[in-house]
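Trainee: Chains as they are written, first to last, in my numbering: chain A, 2 to 340; chain B, 2 to 340; chain C, 5 to 515; chain D, 0 to 292. Even glycine gets a Cβ: it sits at the ideal position worked out from N, Cα and C.
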Amino acid sequence: MTELRATPEKSAGFDPFGFAARFAPLIFLIVLMAVFALLEPRFFTSVNLFNVARQVSITGLLAIGMTFVILTAGIDLSIGSLLAFAGLVAAAIAKGGLSDRFTVGDDAIGYGWQLAALGAIAIGLIGGYVQGFAITRFKVPPFVVTLGGMSVFRGAALLFAAGGPISGFDKDFAWWGQGKVFEVPVPVIIFVIAAVLAHIVLSYTRYGRRVYAVGGNPEAARLSGLNVNWIICSVYVIMGFFAGLSAFVLAARLNSAEAVAGTGYELTVIASVVIGGTSLFGGVGTIFGTVIGSLLIGVLINGLVILNVSSYIQQIIIGVIIVLAVAFDTFAKSRRRRA
Amino acid sequence: MTELRATPEKSAGFDPFGFAARFAPLIFLIVLMAVFALLEPRFFTSVNLFNVARQVSITGLLAIGMTFVILTAGIDLSIGSLLAFAGLVAAAIAKGGLSDRFTVGDDAIGYGWQLAALGAIAIGLIGGYVQGFAITRFKVPPFVVTLGGMSVFRGAALLFAAGGPISGFDKDFAWWGQGKVFEVPVPVIIFVIAAVLAHIVLSYTRYGRRVYAVGGNPEAARLSGLNVNWIICSVYVIMGFFAGLSAFVLAARLNSAEAVAGTGYELTVIASVVIGGTSLFGGVGTIFGTVIGSLLIGVLINGLVILNVSSYIQQIIIGVIIVLAVAFDTFAKSRRRRA
Amino acid sequence: MDTAPPLLRMSGISKSFPGVKALDDVSFTVAAGEVHALLGENGAGKSTLLKILAGAQSANAGTIEIDGKAVVLANPHEAQQRGIVTIYQEFTLAPNMSIADNVFIGREPGSRLFINRAELESATSALTRRLGLDRSVRTLVRDLSVAEQQLVEIARALSMQSKLIVMDEPTSALSRAEVEKLFRLVRTLKSEGISTIFVTHRLEEVFEICDNYTVLRDGRNAGAGAVAETSIEGIIRLMVGRELSGLLARRSAGLVGPVALAVEDLVRLRTPTSPHAIELRNVSFKVRSGEILGLAGLVGAGRTETARAIFGADPFDSGRILVDGEPVSIRTPQEAIRHGIGLVPEDRKQQALFLALAIRTNLSITVLDRISNALSFVSADKELGLVDEYRRKLNIRMAGPDQLVGNLSGGNQQKVVLARWLALGPRVLIVDEPTRGIDVGAKVEVHNLLFEMANAGIAVIAISSELPEILAISDRIVTMREGVVTGEIRRDDADQEKLMTMMTLSVGEAA
Amino acid sequence: MAQDKPEILTSVPGLTFPFFVHMMNAMKTAVEAQGGTPIESDGQVSSPKQTADVEAAIARGVKGIIISPNEVDAMAPAIQQAIEANIPVVTVDRRVASVDGILAHVGADNVKGGEAQGNLIVQMFPQGATIINLQGQSGASPAIDRNKGLHNVLDAAGDKYKIVFEQTAGFDRAKGLSVTEAALSGLAEPPQVIVAANDDMALGAMEAVKGRGLTGIAIIGFDALPEALAQVRDGGLTATIEQFPGKQSSTGVQILMDFVKNGTKPAEQVTLLTPVAITKDNLDVGERLGEVK
Ligand SMILES: Nc1ncnc2c1ncn2[C@@H]1O[C@H](COP(=O)(O)OP(=O)(O)OP(=O)(O)O)[C@@H](O)[C@H]1O
Ligand SMILES: Nc1ncnc2c1ncn2[C@@H]1O[C@H](COP(=O)(O)OP(=O)(O)OP(=O)(O)O)[C@@H](O)[C@H]1O
Ligand SMILES: [Mg+2]
Ligand SMILES: [Mg+2]
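In structure tokens, the structure reads:
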């Protein structure tokens, strides 16, 4: 949204409040990183920062999809479950079935990572489409449909793998989660490419404008002749795509897929998106913000662990900081309007 | 005159669509119960129905509070954590501290159930107030504040009890969860009283009217002279009260309080409220609907266990039925419009 | 050519809502190149008919023919494909998107995939300039005033390929200057052979711009014909089906009481919530109890800002407000109400109504304390009595007190808002565009109500963009321009021309 | 549901954990083998849910209950209720001490399992060691008990055993990985031992260690899942703890069915199996070794 705010004031030189409003989450992130770096210099090593980036990539991919959903004033609670299901399907394909589920390393036969990735993404797309269909066709609120989906996909994942993990993939598969290109972890590269593409789609294409319009005022969008149902359905399909993709990357990263993977991801991911300045009421938000929001949560979790803060206190700090980050963003924006 | 033309349709006798629209969740519940009773007659024994009622009471109390919150277009994700924290505080008070946490039965010394109940409710009220304050004062969306609260209260609960449970209360305390009055379990009585009171407040008092108004259009409510912030804050306090109350009842029911209690309750409770016809956009909903919604979920869980459905398939069925219940409600209401 | 079918023929259209038959066997014909007025009281069914034409609602019965061919308009997209473009009565913009994005939403220039921003913006600014909307096309719609938003909606309609433009009360939020610009555009369209359907409650406008008219009454055809062959009275008779009762006698100015509200040097800088708001500079005026003070000005004169500042809806930076001679501190609407000040806001849907709640709840919200007992229980009897009282007094058309306000016609919604404040009985009542979208009959009723209130000793501040209305109801008129008071005049000394001059004076000239 | 096919409630804390899935399967197989019909209950890691399941089973009129309680104190009232309804109850894995009348308990205490981990560390590193401890999900009773057992041994063994880093990783593989990565970044020296409260976290830690290219760190899991056994065999993990969930279950079912069918009470009211640390040397102890290919 910040970038939408076209500003005649732009020419009036540097506007500190405008800057703060636009980059509030980024400022917050930088301060947070500075604090961690001061408290524990090892936080700031390149190894650790790459770790953070890699950890963030998985939920970050989900957050990109979630940005589309939230821009239409929707929500998707099913992503964690869908991810688990898609991951198991990918794993089963990669292992050529369920019988060899624990065979380790290259001995594992199977159908290759290409088919496995396709399988995960297909499951994601189908899961997203079914939910989008229920939302637009039966007029059931996204919260309810995806709450149902959360239960259904988890059940499906557990049933599919009979409750157990599937693990040990070949090197090519594992490369997608563990490999590096010039020191940069592969998941990070995937995340960055996905973020850039999503940014282009949202900012410069017809489709992107329509997503904002539907979120901003669905009735107005309908009366303007947009196919609102189609657009709403499509964002859940996009979300499903990202759930499938991150399922694949996560499986490669862990060298294993489990039915309990992704539990609780929905809230982390929604929090990342909202911290990045996207409004839960739709129509306002950017991919840039979402990336910052995802990094903020990733840094927070990593930093507190590195500082070896007791896990109970970690939870308290994380909760407080999430609220503060959004409060700071709100405050910065209101300051700007005052200025 | 349109107003004259309006009347004949009303006197035209029973309006099946109008009836279906109003009582869609109830109809759905009755059909569900009939199906279970047919498939397994033991579902319909009085023992089992009282079981269901007692199980529903705990989440039902939370759902009553959540109805207030959702009526103002808010949401509270922190209830499970707040419940755990409040329960532990009550337990510690009942046991006279943390040192005797495992002393069983009447040997347990302590400050009595009265103070314990007060303690749980006080924690609930404070927790609710702090969140309501952050929402109204810092203008952070309820989703974010209570997501933060969810993390903070869970951390606090774990810290308070050092992660472990506190258990073994005296008979008077346990009566509130395990006792019966003329065959009717005490939690059920508490739930019914609370539901009736909440219904009266929402339907017949000034305060109730204002809650609906604030949910319906906060700006209009402000310009009509309502203290919108006060009302919004108050619903989180009410939610906190119910979190404290149900924490007390749950501790009494299980004869124990744990830091992990209530995990995932937020989604079940929100689902109950929405199934009961309350709109997540605020301004529309009833306590009657919430009670039906809570029963529906309780019956579903109980019925599937009694039918000996495999647990994974249970999850799939529950997910599907939640969506169907809301779809049926929407459908019945839209039929009415069309008619 | 005489045998050619008309551009549009709707016949036998019926539409029911629960409890209401909005349209009953309505026929409606529009020829190519004409400007056709669709008239009727509030709730007559005009908007419903036009929404059916726009594909936004479906009829229960009836046929639509375009150029003699029967068509089915299942959704707005199909209607637009056939060249029917609609400006709706309600707000249909995305508030967080820019003017340019809103104007071309769904039809952006560019390649199949990507938008050409430069072209988008230049095309938009060409349009907005023609309409006299003096804003960067990148301004967010939510930062615009109601009038400006209306212009954006018009710009959007004009940007579409059309044969027929439907305008449902486009002028209700506009002042004279913009109305004239709009009419100039309508005439240009007409010369290009494009037809316009025009809905308004300002009947003079019909005689200015329209060729033919159709009148609806209670969802049925009440008459149609050429504008040249009728008069305002003739149309009113068709609309109302009876003679209108005249204006009430007003209490003479001599009986006006002491100063009830005084505003002194009110200053509000470019401000907290709206970066583009009008700055108020040293606004001062007084209003006495029993008096109606008219606030006149062009769009952007700062009248709404003044009203909102007095009412505590927005903060102001300096200045004093005195009630009954005592300085008071008002920071919230609640405090304003406590001091006996009420405000009927400009935008009823966003700022006044609870659309999903019942009429009774909407009406009683300001007086809950009065109609409830010590235990804070609301008395149903008192509440229903209240609804009944105002349904009669203001002739509100409703299916019943439990009907949702959102299902009322625009005019009846406005009456519910007025009733809410009348019920409270404030000492000072500010009404901001109180008759926007209200039909002629109801307008008289609202005016009479304002008189009654003044007669009862209430100080009334009336803001209106219609000069005839200001002249009809005020005892005294204060004019504003760009946040500055430019003059004050007694009604008896005022006429439209004088007011117009005062409204366009700049600060220096005013002094 | 005839008299000759008695219905038995088989209830475990949560079927999202492979450990309990195995336990459930063992229970069901044993019940069927003994001529009963198992009624499955998944506690979903929630005491109220497991209580509800027990109540539903009582209403259904099951002939016996075999249960691994989600939380021993919180499940006490439900078990009490079953006993009052004259339904025999056998508890598995976790013992409910506060209720009288439980037919039998078959268990391998989680505290003992944690001690087994500690003892293995002491045995492997008699000179002392630096240790990363990955705890289970905060507040969950196996997490508490296993952690307690580990500390019992290491704290007693003296200062040379330094827990340099201790965090929860929620019994979750992805968290096991990310927490270990952070821990390795935060420590000046890599630790000698990583001990985890379940195999999932240990396997996650193993990936983190591999990712860093470190060798020679002993990684100890818990639960003896087939995958962990495979890794112990292939050298990825150093050890895991076998609690014999299958044996516990089948023994428990045996006792229960004996009582249901013949009214025989067990000789021993409490049967405790000692948890065993499985390393390369005693892989054959692993109950589920057969599932590993
Ligand atoms: N969605 C709806 N649900 C129920 N009733 C409706 C709905 N929309 C319109 N109505 C009713 O239909 C009738 C016609 O309304 P309509 O909006 O067409 O009137 P109108 O002629 O446009 O009035 P106005 O001049 O006030 O805009 C009114 O009685 C109104 O209450
Ligand atoms: N509800 C509101 N809150 C904040 N600012 C508002 C609001 N409504 C209007 N404004 C701002 O006030 C400015 C001028 O509004 P408007 O044109 O209504 O002025 P006005 O003097 O009241 O004129 P008129 O009454 O003729 O419309 C607009 O630019 C808009 O940004
Ligand atoms: Mg209308
Ligand atoms: Mg105005």
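Answer with yes or no whether the minimum CB distance from Pro80/C to chain A is below 8 Å.
Mentor: In the third sequence, counting from the first residue as 1, residue 80/C sits at position 76. Pro80/C counts as touching chain A.
Trainee: Please check the pair Leu133/D and Ala181/D, which I expect to be a contact at CB under 8 Å, by giving their CB distance rounded to whole angstroms.
Mentor: Sequence index remark: in the fourth sequence, residue 133/D carries index 134 (1-based). Sequence index remark: in the fourth sequence, residue 181/D carries index 182 (1-based). Actually they are not in contact, since the Cβ atoms of Leu133/D and Ala181/D sit about 11 Å apart, beyond 8 Å.
Trainee: Among the candidates Ser248/D, Lys264/D, Glu290/D and Leu282/D, whose CA atom is the shortest distance from the CA of Arg93/D?
Mentor: The residue given as residue 93/D occupies position 94 in the fourth sequence. It is Ser248/D.
Trainee: Can you determine whether any heavy atom of ligand 1 sits closer than 7 Å to the C-beta of Thr52/C, and answer yes or no?
Mentor: Along the third sequence, read from residue 1 onward, the residue named residue 52/C stands at position 48. Yes, Cβ of Thr52/C sits closer than 7 Å to a heavy atom of ligand 1.
Trainee: Contact criterion: CB-CB distance below 8 Å. Does Met67/B meet it with respect to chain A?
Mentor: Indexing the second sequence from 1 puts residue 67/B at position 66. Answer no: the Cβ-Cβ gap between Met67/B and chain A never drops below 8 Å.
Trainee: Within the present structure, is the beta-carbon of Gly49/C separated from the nearest heavy atom of ligand 6 by less than 7 Å?
Mentor: For the structure depicted, ligand 6 is absent and the ligand set comprises only ligand 1, ligand 2, ligand 3 and ligand 4.
Trainee: Drop a sphere of 10 angstroms on the beta-carbon of Gly106/B, count the other beta-carbons inside from all chains shown, and report buried for 16 or more, exposed for fewer.
Mentor: As a working note, residue 106/B is residue 105 in the second sequence. In this prediction, Gly106/B has a pLDDT of 49, which is less than 50 and means its spatial position is unreliable; nothing more can be read from the coordinates.
Trainee: Is any beta-carbon of chain C found at less than 8 Å from that of Arg207/B?
Mentor: Counted from its first residue, the second sequence places residue 207/B at position 206. Judged by the 8 Å Cβ criterion, Arg207/B is in contact with chain C.
Trainee: Residue range of the beta strand (DSSP E) that Leu133/D falls in?
Mentor: Taking the fourth sequence and counting its residues from 1, the one referred to as residue 133/D is at position 134. Taken as a continuous stretch (DSSP letters only), the beta strand (DSSP E) holding Leu133/D covers Ala128 to Gln134.
Trainee: Using a Cβ cut-off of 7 Å, pull out every chain D residue sitting near Val48/B, in sequence order please.
Mentor: Stepping through the second sequence from its first residue, residue 48/B is reached at position 47. Within chain D, the residues near Val48/B are Ala58.
Trainee: Thinking C-alpha only, which one of Gly61/A, Ser257/A and Ile239/A is nearest Ile191/A?
Mentor: One-based indexing of the first sequence puts residue 191/A at position 190. Checked all of Gly61/A, Ser257/A and Ile239/A; the closest Cα to Ile191/A is Gly61/A.
Trainee: Can you tell which of Ser225/A, Ser257/A, Ala253/A and Leu301/A has the C-alpha that lies nearest to the C-alpha of Pro166/A?
Mentor: Against the first sequence, residue 166/A aligns to sequence position 165. Residue Ser257/A is the option with its Cα nearest to Pro166/A.
Trainee: Return helix, strand or coil for Pro186/B, following the three-state DSSP convention.
Mentor: One-based indexing of the second sequence puts residue 186/B at position 185. If DSSP states are grouped into helix, strand and coil, Pro186/B belongs with the strands.
Trainee: To the nearest angstrom, report how far apart Leu301/B and Val57/B are at their CA atoms.
Mentor: Within the second sequence, numbered from 1, the residue matching residue 301/B stands at position 300. Within the second sequence, numbered from 1, the residue matching residue 57/B stands at position 56. For Leu301/B and Val57/B, the distance between alpha carbons rounds to 11 Å.
Trainee: With a threshold of 8 Å between beta-carbons, can Leu117/C be considered close to chain A, or not?
Mentor: Start at 1 with the first residue of the third sequence, and residue 117/C comes out as number 113. Yes, because at least one Cβ of chain A sits closer than 8 Å to the Cβ of Leu117/C.
Trainee: Just the Cα atoms here: how many angstroms apart are Asp392/C and Leu428/C?
Mentor: Translated into positions along the third sequence, residue 392/C becomes position 388. Translated into positions along the third sequence, residue 428/C becomes position 424. Going from the Cα of Asp392/C to the Cα of Leu428/C covers about 15 Å.
Trainee: Taking any Cβ of chain C, which residues in the stretch 224-252 of chain A have a Cβ under 8 Å from it, in chain order?
Mentor: The residues in question are Leu224, Ser225, Gly226, Leu227 and Asn228.
Trainee: List the endpoints of the continuous beta strand (DSSP E) containing Met171/C.
Mentor: Sequence index remark: in the third sequence, residue 171/C carries index 167 (1-based). Looking at the DSSP string, the run of the beta strand (DSSP E) that includes Met171/C is Leu168 to Asp172.
Trainee: Anyone know if the C-beta pair for Asn118/D and Arg145/D falls short of 8 Å?
Mentor: For the purposes of this step, residue 118/D is taken as the residue at position 119 of the fourth sequence. For the purposes of this step, residue 145/D is taken as the residue at position 146 of the fourth sequence. No; because the gap between Cβ atoms is not below 8 Å, this pair is not in contact.
Trainee: Check whether the Cβ of Asp330/B lies closer than 7 Å to any heavy atom of ligand 3, and answer yes or no.
Mentor: Locating residue 330/B in the second sequence gives position 329, counting from the first residue. Asp330/B Cβ: outside cutoff for every heavy atom of ligand 3.
Trainee: Tell me whether Pro276/C sits in a helix, a strand or coil according to DSSP, three-state version.
Mentor: By one-based count along the third sequence, residue 276/C stands at place 272. Confidence at Pro276/C is low in this model, with a pLDDT of 47, below 50, so its placement is unreliable and the value that follows should be read with caution. Looking at Pro276/C - three-state DSSP - the assignment turns out to be coil, as it is neither helix nor strand.
Trainee: Among Gly169/D, Ile219/D and Met74/D, which has the Cα closest to the Cα of Leu149/D?
Mentor: Residue numbering aside, residue 149/D sits at position 150 when the fourth sequence is read from its first letter. That would be Ile219/D, whose Cα lies nearest to the Cα of Leu149/D.
Trainee: Can you name, in chain order, every residue of its own chain whose Cβ lies under 7 Å from the Cβ of Val150/C, other than the five neighbours on each side?
Mentor: Taking the third sequence and counting its residues from 1, the one referred to as residue 150/C is at position 146. Hits under 7 Å: Ala177, Glu350 and Asp351.
Trainee: Whole-angstrom Cβ separation of Gln116/D and Val194/D, contact assumed at under 8 Å?
Mentor: As a position in the fourth sequence, residue 116/D is number 117, starting the count at 1. As a position in the fourth sequence, residue 194/D is number 195, starting the count at 1. 5 Å between Cβ atoms; contact.
Trainee: Let's see if you can read the secondary structure: which residues bound the beta strand (DSSP E) around Met14/C?
Mentor: Within the third sequence, numbered from 1, the residue matching residue 14/C stands at position 10. Segment Leu12 to Phe21, the beta strand (DSSP E) holding Met14/C.
Trainee: Classify Glu212/C: buried if its beta carbon has 16 or more other beta carbons within 10 angstroms, exposed otherwise.
Mentor: Locating residue 212/C in the third sequence gives position 208, counting from the first residue. Glu212/C comes out exposed.
Trainee: Given a limit of 7 Å on CB to CB distance, which residues of the stretch 136-166 of chain D reach chain B?
Mentor: Cβ contacts with chain B: Ser137, Gly138, Ala139 and Ile143.
Trainee: Pick out whichever of Leu148/B, Gly277/B, Ile28/B and Ser79/B has its Cα sitting closest to the Cα of Phe243/B.
Mentor: Walking along the second sequence from the start, residue 243/B turns up at place 242. Among Leu148/B, Gly277/B, Ile28/B and Ser79/B, the Cα nearest to that of Phe243/B belongs to Ser79/B.
Trainee: Using a Cβ-Cβ distance under 8 Å, would Arg210/B count as near chain C?
Mentor: To locate residue 210/B, count along the second sequence from 1; it is residue 209. Chain C, which has a Cβ nearer than 8 Å to the Cβ of Arg210/B, makes this yes.
Trainee: Indicate, with yes or no, if ligand 3 has a heavy atom lying under 7 Å from the CB of Gly223/C.
Mentor: Counting from one through the third sequence, the residue named residue 223/C turns up at place 219. Answer for Gly223/C: no, Cβ out of range of ligand 3.
Trainee: Less than 8 Å between the beta carbons of Glu241/D and Pro265/D, yes or no?
Mentor: In the fourth sequence, residue 241/D corresponds to position 242, counting from 1. In the fourth sequence, residue 265/D corresponds to position 266, counting from 1. Contact: no.
Trainee: Considering only residues of the same chain and omitting the five flanking positions on each side of Phe154/A, which have a CB-CB separation below 8 Å?
Mentor: Along the first sequence, one-based indexing puts residue 154/A at 153. If we look at Phe154/A and ignore the five residues flanking it on each side, its Cβ neighbours are Ser79, Ser82, Leu83, Ala85, Phe86 and Gly128.
Trainee: Leaving out five residues before and five after Glu41/A in sequence, what residues of the same chain have Cβ atoms less than 6 Å from its Cβ?
Mentor: Position 40 of the first sequence, counting from 1, holds the residue named residue 41/A. The answer, listed in chain order, is Ile307 and Leu308.
Trainee: Check this for me: beta carbons of Ser1/A and Ala64/A, under 8 Å apart or not?
Mentor: Residue coverage of chain A in this structure runs from 2 to 340, which leaves residue 1/A outside it and unanswerable.
Trainee: Mapping the DSSP letters down to three states, classify Arg211/D as helix, strand or coil.
Mentor: Within the fourth sequence, the letter at position 212 stands for residue 211/D. Looking at Arg211/D - three-state DSSP - the assignment turns out to be helix.
Trainee: Should Gly283/B and Gly217/B be called a contact, given that it needs their Cβ atoms to be closer than 8 Å?
Mentor: Residue 283/B sits at position 282 when you count from the first residue of the second sequence. Residue 217/B sits at position 216 when you count from the first residue of the second sequence. Yes, the pair counts as a contact, with Cβ atoms nearer than the cut-off.
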